[in-house]
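A short worksheet on the structure shown next.
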Amino acid sequence: MPRALITGVTGQDGLYLSELLLSKGYEVYGLVRGQNNPKIELVRRTVPDVKILTGDLTDLSSLVRAFSVSQPDEVYNLGAISFVAYSWENASLTSDVTGKGVLNILEATRLYAGDDISKVRFYQASSSEMYGKVQDVPQKESTLLWPRSPYGVAKVFGHYMTINYRESYGLHASSGILFNHESPRRGPEFVTRKVTQAVARIKLGLQDSVTLGNLDAKRDWGFAGDYVDAMWRMLQQPEGDDYVVATGQTQSIERLLEVAFQAAGIEDWRAYVKQDPRFMRPAEVDLLIGDPTKAREVLGWEPKVSFEELITMMVESDLAEQKALAR
Ligand code: NAP
Ligand code: F7E
Numbered sequence: 005m006p007r008a009l010i011t012g013v014t015g016q017d018g019l020y021l022s023e024l025l026l027s028k029g030y031e032v033y034g035l036v037r038g039q040n041n042p043k044i045e046l047v048r049r050t051v052p053d054v055k056i057l058t059g060d061l062t063d064l065s066s067l068v069r070a071f072s073v074s075q076p077d078e079v080y081n082l083g084a085i086s087f088v089a090y091s092w093e094n095a096s097l098t099s100d101v102t103g104k105g106v107l108n109i110l111e112a113t114r115l116y117a118g119d120d121i122s123k124v125r126f127y128q129a130s131s132s133e134m135y136g137k138v139q140d141v142p143q144k145e146s147t148l149l150w151p152r153s154p155y156g157v158a159k160v161f162g163h164y165m166t167i168n169y170r171e172s173y174g175l176h177a178s179s180g181i182l183f184n185h186e187s188p189r190r191g192p193e194f195v196t197r198k199v200t201q202a203v204a205r206i207k208l209g210l211q212d213s214v215t216l217g218n219l220d221a222k223r224d225w226g227f228a229g230d231y232v233d234a235m236w237r238m239l240q241q242p243e244g245d246d247y248v249v250a251t252g253q254t255q256s257i258e259r260l261l262e263v264a265f266q267a268a269g270i271e272d273w274r275a276y277v278k279q280d281p282r283f284m285r286p287a288e289v290d291l292l293i294g295d296p297t298k299a300r301e302v303l304g305w306e307p308k309v310s311f312e313e314l315i316t317m318m319v320e321s322d323l324a325e326q327k328a329l330a331r
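Under our numbering, think of the first position of the sequence shown as 5, with each following residue one higher.
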């Protein structure tokens with residue numbers, strides 16, 4: 005039975021990846037940070053077969069201990085401070101966790117492997133935020149990185165450190181440059197879920213409007229359940245490498261609003277949307293659209309859920325959740 009260690013198991017991708025690996029017969033260990041982390045219950049409820057270990061990406065010895073207990077064949081580093089807006093307010097912490105945390109887990113991986121670097125494979129959750137002020141349209145693996153937030157800068161550090169461990173030590177290390185991916189499990193701070201949750205509450209008469217920031221930004225949004233499959237596929241290749249994972253299509257926030265309100269049977273979304281500079285960012289990433297050709301050709305990966313299906317799925321899930329909460 006192969007063994008996997010996942011950091012960030014309490015997050016959106018951690019839960020989907022746990023389900024995928026368990027369905028493939030893996031023994032799955034999940035790293036959970038903090039004392040009495042409330043999300044531990046979510047993991048126990050959703051994926052009860054995951055074995056929980058405590059540890060933090062900023063604490064190297066906790067990572068060394070997690071490797072020693074789990075003895076993993078595959079490591080998926082999904083842990084991060086992942087909310088871009090928050091990263092300006094907590095830039096140093098974001099650098100420590102999202103950036104230097106990658107170095108810590110790479111080092112723990114190398115210490116665990118000892119003389120046999122081939123005994124473990126490593127996945128790094130890199131991000132399209134690294135493209136920032138985009139230098140190519142669409143963005144591909146070779147596109148110059150130009151991050152626009154402390155989060156993006158920290159991810160660039162993690163990306164290059166992953167490549168460096170591959171080149172320096174021969175570690176089977178892959179960097180998945182994933183474009184935005186969403187689901188009913190998405191945190192409510194991100195724009196898709198903020199919108200689908202608000203739409204559900206407006207439909208049920210629990211809220212009058214939703215207040216957003218920049219409505220012109222464009223993102224290449226896919227379904228998280230599809231994207232974790234690409235992570236797994238990367239670690240099944242003979243060599244580690246870097247891959248863009250994206251749908252190849254881009255949508256504006258305005259289009260997101262249109263689809264989400266329509267999914268709840270509301271045609272005139274403009275009547276319910278306000279804007280506030282509070283939600284604008286010091287520097288914006290205006291346009292993301294990925295070129296997933298390499299992932300398709302090498303990994304045999306393709307997204308299965310369309311943007312419209314994704315947003316409808318999220319609105320329906322939020323309607324059910326809000327109805328249950330209102331009871
Ligand atoms: P998420 O829901 O925000 O989950 C982040 C996870 O990181 C949570 O489990 C969180 O734990 C954990 N974490 C935070 N600080 C930590 C620390 N100091 N030590 C260990 N773990 C820590 O993010 P996601 O959407 O699942 O994304 C997974 C990864 O992919 C992240 O690295 C993200 O940056 C990256 N990524 C995401 C997207 C996307 O569109 N979703 C795209 C590209 C890349 P708590 O629950 O305790 O806070
Ligand atoms: O913002 C705009 C905002 O916070 C998307 C993370 O998973 O994907 C995610 O980062 C866009 C931005 O995601 C609001 O300005 C307008 O242009 O949902 P988001 P993100 O910043 O793209 C990447 C790939 C990651 O790696 C990250 O970890 O929406 N926007 N009004 C708003 N965004 C939010 N959150 N809230 C608003 O009210």
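C-beta atoms are modelled at their ideal positions from N, C-alpha and C, and glycine is treated no differently.
Quick check: is any heavy atom of ligand 1 less than 7 Å from the C-beta of THR113?
No; taking the cut-off as 7 Å, the Cβ of THR113 has no heavy atom of ligand 1 nearer than that.
Roughly how many angstroms lie between the CA atoms of GLN128 and THR316, to the nearest whole one? Each residue's CA atom was taken as its position, placing GLN128 and THR316 some 30 Å apart.
Notebook entry, point to check: Does the distance from the CB of GLY103 to the CB of LEU35 come in under 8 Å?
Noted result: Going by C-beta atoms, GLY103 is not nearer than 8 Å to LEU35.
| request: Run the CB neighbour count on LYS327, radius 10 Å, all protein chains shown included, and call it buried at 16 or more, exposed below. | output: Exposed, since its Cβ has fewer than 16 Cβ neighbours within 10 Å.
Exercise. Using the DSSP secondary-structure output, state which residues sit across from ASP246 in a beta bridge.
Key: According to DSSP, which records beta bridges pairwise, ASP246 is partnered with SER179.
Exercise. Would you identify the three-state DSSP class for THR58, choosing helix, strand or coil?
Key: The answer is strand: DSSP assigns THR58 an E or B state.
Residues near SER74 by beta carbon distance below 7 Å, same chain, minus five either side: Non-local beta-carbon contacts of SER74 in its own chain, meaning distances under 7 Å to residues more than five positions away in sequence, involve ARG7, LEU9, TYR33 and LEU57 in chain order.
Runs of alpha helix (DSSP H) wholly within the segment 257-282 (minimum 4 residues, chain order): The segment 257-282 contains these whole alpha helix (DSSP H) runs: 257-267.
ask   = Since LEU61 contacts GLY29 with CB under 8 Å, what's their CB separation in whole angstroms?
value = Incorrect: roughly 27 Å between the Cβ atoms, too far for contact.
message: Considering just the uninterrupted stretch of the beta strand (DSSP E) at GLU78, what are its terminal residues?
response: Annotation for GLU78: the continuous beta strand (DSSP E) segment containing it runs 78-81.
Review point. Is DSSP giving GLN128 helix, strand or coil here?
Key: Here GLN128 sits in strand by DSSP.
Can you list, in chain order, the residues of its chain with a C-beta nearer than 8 Å to that of SER130? Leave out the 5 residues immediately preceding and following it. Result list for SER130: LYS159, GLY162, HIS163, THR166, SER179, GLY180, ILE181, LEU182 and ASP246, in chain order.
State the DSSP-derived secondary structure class of VAL36, mapped to helix, strand or coil. Of the three classes helix, strand and coil, the one that applies to VAL36 here is strand, per DSSP.
Checking the sheet assignment: what are the DSSP bridge partners for PHE227?
In the DSSP output, where bridge partners are listed per residue, PHE227 has GLU186.
Checklist entry - Along the chain, which unbroken stretches of the alpha helix (DSSP H) at least 4 residues long are found entirely within the segment 93-147? => result Counting only unbroken stretches of 4 or more residues, the alpha helix (DSSP H) elements lying wholly within the segment 93-147 are 95-98 and 105-117, in sequence order.
With which residues is ILE10 paired in a DSSP beta bridge?
ILE10 is bridged to GLY34 and TYR80.
**Prompt:** Which class does LYS159 belong to by DSSP, given the choice of helix, strand or coil?
**Reply:** Helix.
**Q.** For VAL232 and SER66, the rounded distance between their alpha carbons
**A.** When rounded, the distance between both Cα atoms is 25 Å.
Legend entry - Range of the contiguous alpha helix (DSSP H) that encloses LEU46: Per DSSP, the continuous alpha helix (DSSP H) segment holding LEU46 begins and ends at 44-50.
For the beta strand (DSSP E) holding THR215, just list the boundary residues, first then last. Taken as a continuous stretch (DSSP letters only), the beta strand (DSSP E) holding THR215 covers 214-216.
query = What is the DSSP secondary structure of GLN16, counted as helix, strand or coil?
reply = Looking at GLN16 - three-state DSSP - the assignment turns out to be helix.
### Query
Can at least three beta-carbon pairs, one atom from the segment 247-259 and one from the segment 210-223, be found at a separation below 8 Å?
Here the segment 247-259 makes contact with the segment 210-223; the two share three or more CB pairs at distances below 8 Å.
> Given a threshold of 16 other Cβ atoms within 10 Å of its Cβ, counted over all protein chains shown, does SER173 qualify as buried or as exposed?
Replying inline: Checking the sequence, you will find Tyr at residue 173 rather than Ser. When all chains shown are included, TYR173 counts as exposed.
Terminal residues of the continuous alpha helix (DSSP H) containing GLU312? It spans 311-330 - the alpha helix (DSSP H) in which GLU312 sits, taken as one unbroken run.
Give the single residue among VAL68, TRP225 and THR147 whose Cα lies nearest to the Cα of GLY118. With distances taken between CA atoms, GLY118 lies nearest to VAL68 out of VAL68, TRP225 and THR147.
Check your understanding: How many whole angstroms separate the CB atoms of ARG223 and LEU149, which I take to be in contact at a CB cut-off of 8 Å?
Key -> Contact between ARG223 and LEU149 is absent: CB atoms are separated by about 18 Å, not below the 8 Å threshold.
Taking DSSP's pairing of strands, which residues face GLN255 in a bridge? GLN255 has ARG223 as its beta-bridge partners, per DSSP.
- Nearest-angstrom Cα separation, counted from ARG274 out to GLY18: Approximately 35 Å between the Cα atoms of the pair.
Nearest candidate by alpha-carbon position, reference VAL47, set VAL302, GLY12, LEU115 and GLU111: With distances taken between Cα atoms, VAL47 lies closest to GLY12.
* Asked: Leaving out the 5 sequence neighbours to the left and right, which residues in its chain are closer than 7 Å to VAL51 when beta-carbon positions are compared?
  -> Residues of the same chain with a CB within less than 7 Å of the CB of VAL51, apart from the 5 flanking positions on each side, are LEU19, SER22, GLU23 and LEU26 in chain order.
| message | Since TYR276 and SER213 should fall inside the 8 Å C-beta cutoff, what is the C-beta to C-beta distance between them, to a whole number of angstroms? | response | A Cβ-Cβ separation of about 5 Å places TYR276 in contact with SER213 under the 8 Å criterion.
Q: Answer yes or no: do GLY294 and SER132 have a C-beta to C-beta separation smaller than 8 Å?
A: SER132 sits close to GLY294, with the two beta carbons spaced by under 8 Å.
**Study point:** contact_flag[the segment 258-272, the segment 138-145] where n(CB pairs < 8 Å) is 3 or more
**Key:** By the Cβ rule, the segment 258-272 does not count as touching the segment 138-145, because fewer than three pairs are nearer than 8 Å.
Item to complete: Could you tell me how far apart the beta carbons of THR196 and ARG190 are, in whole angstroms, since I believe they sit closer than 8 Å?
Response: Correct: roughly 6 Å between the Cβ atoms.
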